[in-house]
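Residue numbers (our numbering): 9 to 156. Yeah, the Cβ is synthetic: ideal placement off N, Cα and C, and Gly gets one too. Read the structure below first, then the notes.
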């Protein structure tokens, strides 16, 4: 019984240490109702820079275009020596992704792989606002980076 209580308390403490960084909020009107938004890391390995890319993809059967926006955030760095994308969150440096070579022979390629320390999350938020004449209800998609 003691071990179970200790395990549960350690799990609660580790969950309490996780933090979230808000990347962007996208109005439902910007998404055109049926579009999808996703987040990923982007890098420039030659200059040692990292950023977050937000991609809004249209669900158009005729092949709508995707819109990619680069977002520069404080605390995100790329280490050229190790290939790690690090996030400085509340004074703690966490490796969120690594720029790795995967595959064999002619299928070899370099990709950005997320570590279990971080993940991208999106949540819908409903809110009301006053447009000067009446109270309106709308929704927005909030994109977050969760850092363990």
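Rounded distance between the beta-carbons of residue j and residue i, thought under 8 Å
i          : j           : result
residue 86 : residue 51  : 5 Å
residue 64 : residue 39  : 7 Å
residue 56 : residue 155 : Wrong, their Cβ atoms sit about 21 Å apart, outside the cutoff.
Nearest neighbour of residue i, chosen from the options [CA to CA]
i           : options              : result
residue 54  : 154, 88, 123 and 142 : 88
residue 153 : 113, 70, 46 and 74   : 46
residue 98  : 110, 43 and 84       : 84
residue 62  : 33, 70 and 26        : 33
residue 68  : 91, 81, 79 and 44    : 44
Straight-line Cα distance separating residue j from residue i
i           : j           : result
residue 122 : residue 106 : 7 Å
residue 101 : residue 94  : 6 Å
residue 151 : residue 58  : 18 Å
residue 127 : residue 49  : 11 Å
residue 8   : residue 108 : Here the chain comprises residues numbered 9 to 156, so residue 8 is not present and cannot be evaluated.
residue 35  : residue 148 : 4 Å
residue 145 : residue 137 : 7 Å
residue 37  : residue 135 : 14 Å
residue 103 : residue 125 : 7 Å
Residue range of the beta strand (DSSP E) that includes residue i
i           : result
residue 28  : 27-35
residue 147 : 143-155
residue 50  : 44-52
residue 132 : 126-138
Complete runs of the beta strand (DSSP E) confined to the stretch 55-118 [at least 3 residues]: 57-65, 74-79, 84-87, 92-97 and 100-110
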